[in-house]
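Undergrad: First, the structure itself, so that you have it in front of you.
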Amino acid sequence: MLQGRAMLVALAGALFIAYAYAAAAVMPVKVGGDAVIKFGAEVNEILQVVGGPEDRQPIVKDGKLTELGRNKFGERATFADGTLTIHKLQESDLTDFFYQIANKPMVITLQSKE
Numbered sequence: 663m664l665q666g667r668a669m670l671v672a673l674a675g676a677l678f679i680a681y682a683y684a685a686a687a688v689m690p691v692k693v694g695g696d697a698v699i700k701f702g703a704e705v706n707e708i709l710q711v712v713g714g715p716e717d718r719q720p721i722v723k724d725g726k727l728t729e730l731g732r733n734k735f736g737e738r739a740t741f742a743d744g745t746l747t748i749h750k751l752q753e754s755d756l757t758d759f760f761y762q763i764a765n766k767p768m769v770i771t772l773q774s775k776e
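Reminder that position 97 of the sequence shown reads as 759 in the working numbering, one-by-one numbering, no gaps.
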């Protein structure tokens, strides 16, 4: 009987994972330090909130920093092979980065360690 319940719980967990619709992660960083954010090689667009909470604009599009991204980070940021590197992090860099993998929405939030 116990084995049957364990199997049911395992099956339910597997189904839940298979039907996940989104993922969120918090990345602790140090202001003044560098952040290396690995989104994945298949990611070629990353959005940030500009203005209101529903107004998201790309900082990376077609695998390259956009004008918005260059204006926000200047020479401090690069994007290559799905990895965004930001040097000399500022308080204003502690924000959400929205992207998709397999048409599923994802978000990584940079949060100060202190």
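C-beta atoms are modelled at their ideal positions from N, C-alpha and C, and glycine is treated no differently. On a predicted model such as this, the values are computed, not experimentally measured, just so you know.
Take E710 as the anchor and find which of G695, N765 and G731 has the nearest alpha-carbon.
TA: As written in the sequence, residue 710 is Gln, which differs from the Glu given in the question. When each option's Cα is compared against that of Q710, the closest is G731.
Undergrad: Less than 8 Å between the C-beta atoms of V705 and I763, yes or no?
TA: The answer is yes: Cβ separation under 8 Å.
Undergrad: On a Cα-Cα basis, can you pick out the residue from D696, K692 and A685 that is closest to T745?
TA: Of the listed residues, the one whose Cα sits closest to T745 is D696.
Undergrad: What are the complete beta strand (DSSP E) segments, minimum 3 residues, inside the segment 678-708?
TA: Those beta strand (DSSP E) runs which fall completely within the segment 678-708 and span 3+ residues are 685-691 and 697-700.
Undergrad: Using the Cα positions of G675 and A686, report the straight-line distance between them to the nearest angstrom.
TA: Its pLDDT being 49, under 50, G675 is placed unreliably in this model, and the coordinates cannot settle the point.
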